[in-house]
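Numbering (my numbering), first residue to last: 342 to 517.
In this text, a Cβ means the ideal position worked out from N, Cα and C, and glycines have one as well.
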């Protein structure tokens, strides 16, 4: 698990460094750290880390792709498409709507990821010419399939359990 987290942090650093070498206004990158309030059973407080690349179609609309790490009772690696719409033209404080949709892979042996959806609404605060801070509130739906075992003195059984984790999320991030 430590190797996986180190690898993701290293890839984020490489992306930041590579972007600093160009002055292209059509691309930006966003990273978020977040948590949430679980709305499903079994209840787990999630931890999420996301990194996304955006292509700016115009001043108010971006599309892109992203990945990251979602931790419920198992660690999941989501891969998703992203769309972001700025409600007004970019200013010092700009509200936006964002949606991520895709799937996830599990890092555990007896688990599979599944469908991933994360719509949110937020505000972007311009800190400097290239750096912006984001604060977003949204909902995250993450499907997960895992193998469960039950043993008692008379029998042993293993079965597949399908979970659907839903949580209200709070994310803080940077766009550069």
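Per DSSP, residue 487 forms a beta bridge with which residues?
452, 502
Any contact between the stretch 379–395 and the stretch 442–453? By contact I mean 3 or more CB pairs, one from each, below 8 Å.
In short, these stretches do not touch, since the Cβ pair count stays below three.
If we count Cβ pairs, one from each stretch, closer than 8 Å, do we get three or more for the stretch 495–505 versus the stretch 463–477?
By the Cβ rule, the stretch 495–505 does not count as touching the stretch 463–477, because fewer than three pairs are nearer than 8 Å.
Can you check which of these residues, 512, 402, 435, is closest to residue 468 by C-alpha distance?
435
Between the Cα of residue 460 and those of 421, 493, 449, spot the shortest distance and give me the residue it belongs to.
Comparing Cα-Cα distances from residue 460 to each of 421, 493, 449, the minimum goes to 421.
State buried or exposed for residue 399, treating a residue as buried only when at least 16 other CB atoms are found within 10 Å of its CB.
Exposed, by the Cβ-count rule.
What are the boundary residues of the beta strand (DSSP E) that residue 472 is part of?
Per DSSP, residue 472 belongs to no beta strand (DSSP E) and is neither H nor E.
If we count the other Cβ atoms within 10 Å of its Cβ and call it buried at 16 or more, is residue 386 buried or exposed?
exposed
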